[in-house]
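197 is the number of the first residue of the sequence shown in the working numbering; add one for each residue after it.
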Amino acid sequence: MTTTAAQPGTWTGTWLEAAREIGLEPGGPVNIGWHCSDRICRMGLGAKRALLWEDAEGRSRTLTFDDLRLLTNTFAAFVRGLGVGPGERVCLFLDRVPELYIGFLGILKTGAVAQPLFSAFGEDSLHVRLQDAETAAIVTQRKHLGKVRRIREKLPHLRRIVVVDGAGAPGPGEVHLDLFGAAPVQEFAVHPTTADSPSVLHYTSGTTGQPKGAQHVHGSLPAQYLTSKRVLDLRPEDVYWCNADPGWVTGTSYGIIGPWVNGATQAVLDSGFNTDRWYDFVAKHRITVWYSAPTAIRLLMREGGEAARRRDLSCLRHLCSVGEPLNAEAVVWSERIFGRPFLDTYWQTETGCIVITNLPGMKVKPGSMGKAFPGIEATVLDMNSLRPLDRPGAVGLIALRPGWPSLIRTYRNKPDAYASKFRNGWYLTGDRSSIDEDGYFWFVGRDDDVINTGGHLVGPFEIESALLEHPAVAESAAVSKPDPVNMEVVKVFVTLKPGYEPSDDLELEIMNRIRRKLSPLAMPQEIQFVDSLPKTRSGKIMRRVLRAKEWNEPVGDLSSLMND
Ligand code: WT7
């Protein structure tokens with residue numbers, strides 16, 4: 197068995213064409229910060245709106261690409277002035293305020309690495325990630341400063357703390373930056389980064405051990421450019437909304453880089469989930485393209501279609517989803533409520549861009565993730581031989597041929613973990629799927645979530661999708677529990693929609709309903725009604741937390757759990 201790690205960045209084929217469309221040449225300079233602001237201005241779009249920002253309190257701000265250019269210059273000059281050098285990590289520990297988006301591009305302009313982290317992280321989660329990254333500076337708000345101050349003694353590499361809404365006397369090592377009050381920096385000498393220069397560092401939570409720092413590079417740009425253009429179908433007149441936080445990769449690849457390198461107008465709402473507020477936001481800004489996630493869609497479904505019908509949401513013309521399997525029920529629901537389906541897109545922190553997807557105009561098969569994006573070679577491998585399975589419908593490991601530009605270049609401090617992702621010339625995603633005769637991928641589950649009952653492998657997705665068809669079920673998680681006969685059997689955890697109460701009758705009724713949909717092996721032995729499911733901050737159900745309890749095993753790393 198051979199191991200092949202990713203090759204250094206030279207763009208080829210589709211990606212080279214995409215690179216040239218945005219003025220890049222192999223071996224030449226590429227800087228995401230410059231390309232997402234200055235280049236758009238040079239194309240004559242300086243006066244176009246880049247950012248429509250608003251928060252839960254109703255504060256708002258509109259920035260043009262020219263504003264973005266100047267503000268990112270100003271931010272970059274400030275960071276350079278702090279003595280932070282190229283390659284050093286600068287953490288963005290901010291709510292979704294404009295400084296987060298500007299700071300991200302500004303940091304990249306200096307050649308430093310942007311390390312965005314959810315501002316809701318507690319001090320332990322923050323500490324682990326700043327320590328592993330040996331972060332040199334952190335940019336934060338007054339409201340989160342307490343957490344930073346409490347751990348800074350333990351962080352010898354952390355030289356500077358930047359407070360963007362500072363007031364009062366800064367503490368030692370702290371400095372205020374009034375970005376919108378500062379004199380705009382007209383010209384900034386952008387660091388001459390190349391395709392292999394590190395850009396963004398995202399921490400992703402594994403099942404066990406500590407979170408891993410996934411290191412992206414500037415050379416990823418053609419991938420985010422092309423996939424945003426083709427999959428999100430961004431057009432000059434669009435108003436695009438990605439509701440993901442830049443603390444996870446969707447919020448950077450498609451919440452900053454992808455839309456702006458395309459010169460698109462994007463809207464940002466700095467607020468948590470709220471059906472009415474979200475629909476109001478869509479209606480107010482006349483959002484045309486919306487990139488969301490199953491966890492949010494299920495919340496909208498839970499509240500019913502009434503709130504959507506009370507508003508004019510006819511502006512929405514294109515809807516995409518990512519992060520978890522998109523249940524067929526959600527696709528059908530969205531067609532009914534919005535008049536168009538949510539299109540599923542599949543990728544990972546590590547892949548940096550969408551790799552399997554439904555393209556606009558492609559036939560949608562509800563419950564399928566779609567096909568490999570043109571330019572990506574994707575297959576499923578036999579679990580044992582790690583050779584491609586050519587039989588339609590056979591379940592295997594989703595694998596991708598390395599060579600697309602946005603594949604991460606390493607896990608920081610964990611080169612062995614990175615090397616172990618490559619086998620036989622393939623990158624292994626750690627997910628399972630089948631491929632049908634038309635090349636559509638049907639997601640089964642993450643390797644770690646698949647249930648082995650009596651030697652048969654059952655994916656949680658089919659069970660959860662069947663459950664979702666019951667009117668009382670809001671969300672569910674299917675996991676294995678130990679069984680003396682079958683080794684493992686299926687147990688499901690279910691949250692109910694408003695107006696339903698847990699009862700034995702309801703359990704029986706749900707069981708009867710899904711019996712017709714599922715094979716006997718996939719039938720749950722037990723339903724447990726719960727108030728909520730454990731989720732990551734990006735909204736993914738953490739089945740391993742539920743499973744560990746059933747098996748009396750340690751739960752592993754919980755730092756990305758929503759409620760810590
Ligand atoms: C894992 C990656 C995608 C960027 C943000 C999440 C699961 C993602 C889908 C989908 C089924 C999906 C996979 C994948 N996943 N999209 N459309 N259908 N599963 O990045 O946190 O690195 O998570 O999310 O299990 O491996 P991430």
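Using N, Cα and C, we set each Cβ at its ideal position, and we do this for glycine too.
* To do: Can you grab the Cα-Cα spacing for the pair residue 490 / residue 709, in whole Å?
  => Numbered from its first residue, the sequence shown carries residue 490 at position 294. Numbered from its first residue, the sequence shown carries residue 709 at position 513. Cα to Cα, the separation comes out at about 23 Å.
* What is the C-beta distance between residue 496 and residue 515, in whole angstroms, given that I count them as a contact (C-beta under 8 Å)? -> One-based indexing of the sequence shown puts residue 496 at position 300. One-based indexing of the sequence shown puts residue 515 at position 319. Incorrect: roughly 11 Å between the Cβ atoms, too far for contact.
* Just how far apart, CA to CA, sit residue 199 and residue 528? -> Locating residue 199 in the sequence shown gives position 3, counting from the first residue. Locating residue 528 in the sequence shown gives position 332, counting from the first residue. Here the model assigns residue 199 a pLDDT of 48, short of 50, so the residue's position is not dependable, and the following value carries that caveat. Taking the straight line from one Cα to the other gives about 42 Å.
* **Assigned exposure category for residue 635 - 16 Cβ within 10 Å defines buried** => Reading the sequence shown from its first residue, position 439 is the one you call residue 635. Flag for residue 635 reads exposed.
* Asked: Hey, would you say residue 237 sits closer than 7 Å to residue 265, going by beta carbons?
  -> Translated into positions along the sequence shown, residue 237 becomes position 41. Translated into positions along the sequence shown, residue 265 becomes position 69. Yes.
* Residues of its chain near residue 292, where Cβ-Cβ distance is below 7 Å and the 5 sequence neighbours each way are ignored -> Within the sequence shown, numbered from 1, the residue matching residue 292 stands at position 96. Counting only Cβ-Cβ distances below 7 Å, and skipping sequence neighbours, we find 441, 464, 466.
* Asked: Buried or exposed: which applies to residue 398, given that a residue is buried once 16 or more other Cβ atoms fall within 10 Å of its Cβ?
  -> Here the question's residue 398 lines up with position 202 in the sequence shown. Burial check for residue 398: the Cβ neighbour count within 10 Å reaches 16 or more, so the residue is buried.
* Helix or strand or just coil, what does DSSP make of residue 725? -> Mapped onto the sequence shown, residue 725 falls at position 529. Annotated three-state conformation of residue 725 is strand, per DSSP.
* Asked: In three-state terms, what does DSSP make of residue 411?
  -> Against the sequence shown, residue 411 aligns to sequence position 215. The DSSP-derived three-state label of residue 411 is strand.
* **Pairwise C-alpha distance: residue 524 and residue 707** => Position 511 of the sequence shown holds residue 707. Position 328 of the sequence shown holds residue 524. Cα-Cα distance, rounded: 19 Å.
* With a threshold of 16 other CB atoms inside 10 Å of the CB of residue 760, please say whether the residue is buried or exposed. => As a working note, residue 760 is residue 564 in the sequence shown. Confidence at residue 760 is low in this model, with a pLDDT of 39, below 50, so the placement of that residue is unreliable and no value is reported for it.
* Near residue 503, what residues of its chain come up, given a Cβ to Cβ distance below 7 Å and the 5 sequence neighbours on each side ignored? -> To locate residue 503, count along the sequence shown from 1; it is residue 307. The answer, listed in chain order, is 471, 472, 475.
* Return yes when the C-beta of residue 520 is under 6 Å from any heavy atom of ligand 1, and no when it is not. => Against the sequence shown, residue 520 aligns to sequence position 324. Answer for residue 520: yes, Cβ within range of ligand 1.
* Under the DSSP definition of a beta bridge, which residues are partnered with residue 683? -> As a position in the sequence shown, residue 683 is number 487, starting the count at 1. Residue 683 is bridged to 679.
* Do you know offhand how far residue 410's Cα is from residue 396's? -> Your numbering for residue 410 matches position 214 in the sequence shown. Your numbering for residue 396 matches position 200 in the sequence shown. Whole-angstrom Cα-Cα distance: 8 Å.
* Out of 412, 312, 334, 371, state which residue places its alpha-carbon closest to the alpha-carbon of residue 614. => The residue you call residue 614 lines up with position 418 of the sequence shown. Nearest of 412, 312, 334, 371 to residue 614, Cα basis: 412.
* **Length at least 4, wholly inside the segment 315–377: the alpha helix (DSSP H) runs in chain order** => 319–329, 338–347
* Asked: Would you call the CB atoms of residue 756 and residue 740 closer than 7 Å?
  -> Position 560 of the sequence shown, counting from 1, holds the residue named residue 756. Position 544 of the sequence shown, counting from 1, holds the residue named residue 740. Against a cut-off of 7 Å, the Cβ pair of residue 740 and residue 756 comes out as no contact.
* Measure the alpha-carbon distance for residue 680 versus residue 748 and round it to whole angstroms. => On the sequence shown, position 484 is the one that residue 680 refers to. On the sequence shown, position 552 is the one that residue 748 refers to. Note on geometry: alpha-carbon atoms of residue 680 and residue 748 lie some 15 Å from one another.
* Asked: Rounded to a whole number of angstroms, what is the C-alpha to C-alpha distance between residue 378 and residue 469?
  -> Position 182 of the sequence shown, counting from 1, holds the residue named residue 378. Position 273 of the sequence shown, counting from 1, holds the residue named residue 469. When rounded, the distance between both Cα atoms is 33 Å.
* **Where residue 249 falls: helix, strand or coil (DSSP)** => As a working note, residue 249 is residue 53 in the sequence shown. Note: residue 249 maps to strand in three-state DSSP.
* Indicate the three-state DSSP secondary structure (helix, strand or coil) for residue 654 in the structure shown. => Locating residue 654 in the sequence shown gives position 458, counting from the first residue. Strand.
* Mind checking residue 408: buried by the 16 CB within 10 Å criterion, or exposed? -> Locating residue 408 in the sequence shown gives position 212, counting from the first residue. Classification for residue 408: buried.
* Asked: So what does DSSP say about residue 647, is it helix, strand or coil?
  -> By one-based count along the sequence shown, residue 647 stands at place 451. Residue 647: strand per DSSP, three-state reduction.
* To do: Report the rounded CA-to-CA distance for residue 258 versus residue 349, giving the unit in angstroms.
  => The sequence position of residue 258 within the sequence shown is 62, counting from 1. The sequence position of residue 349 within the sequence shown is 153, counting from 1. Roughly 38 Å separates the two Cα atoms.
* **Extent of the continuous alpha helix (DSSP H) to which residue 420 belongs** => Here residue 420 corresponds to residue number 224 of the sequence shown, with the count starting at 1. 417–426 is the extent of the alpha helix (DSSP H) around residue 420.
* Just curious, the beta strand (DSSP E) that residue 226 is in, first and last residue? -> Taking the first residue of the sequence shown as position 1, residue 226 is located at position 30. Boundaries for residue 226: no beta strand (DSSP E) harbours it, and the DSSP string shows neither H nor E there.
* Asked: Under a three-way DSSP split, which group does residue 743 fall into?
  -> Working through the sequence shown from its first residue, we reach residue 743 at position 547. Here residue 743 sits in helix by DSSP.
* Asked: Would the segment 616–624 and the segment 597–607 be scored as touching if the rule is three or more Cβ pairs under 8 Å?
  -> yes
* Asked: Starting from residue 641 and walking both ways along the beta strand (DSSP E), at which residues does that stretch end?
  -> Here residue 641 corresponds to residue number 445 of the sequence shown, with the count starting at 1. Run containing residue 641: 637–642, per the beta strand (DSSP E) assignment.
* **First through last residue of the alpha helix (DSSP H) which encompasses residue 274** => Within the sequence shown, numbered from 1, the residue matching residue 274 stands at position 78. Residue 274 -> alpha helix (DSSP H) spans 261–277.
* To do: May I ask you to report which of helix, strand or coil DSSP gives residue 611?
  => Position 415 of the sequence shown holds residue 611. Judged by DSSP in its simplified three-state form, residue 611 adopts helix.
* Taking residue 356 and residue 329 to be in contact with their CB atoms under 8 Å, please state how far apart those CB atoms are, rounded to whole angstroms. => The sequence position of residue 356 within the sequence shown is 160, counting from 1. The sequence position of residue 329 within the sequence shown is 133, counting from 1. Contact flag wrong, Cβ pair sits at about 14 Å.
* **Minimum C-alpha distance to residue 432 - residue among 416, 453, 422, 461** => Here the question's residue 432 lines up with position 236 in the sequence shown. Of the listed residues, the one whose Cα sits closest to residue 432 is 461.
* For residue 560 versus residue 483, is the C-beta spacing smaller than 7 Å? -> Within the sequence shown, numbered from 1, the residue matching residue 560 stands at position 364. Within the sequence shown, numbered from 1, the residue matching residue 483 stands at position 287. The answer is no: Cβ separation not under 7 Å.
* Close Cβ partners of residue 252 (< 6 Å) along its chain, the five nearest in sequence each way excluded -> One-based indexing of the sequence shown puts residue 252 at position 56. Here the set comprises 467.
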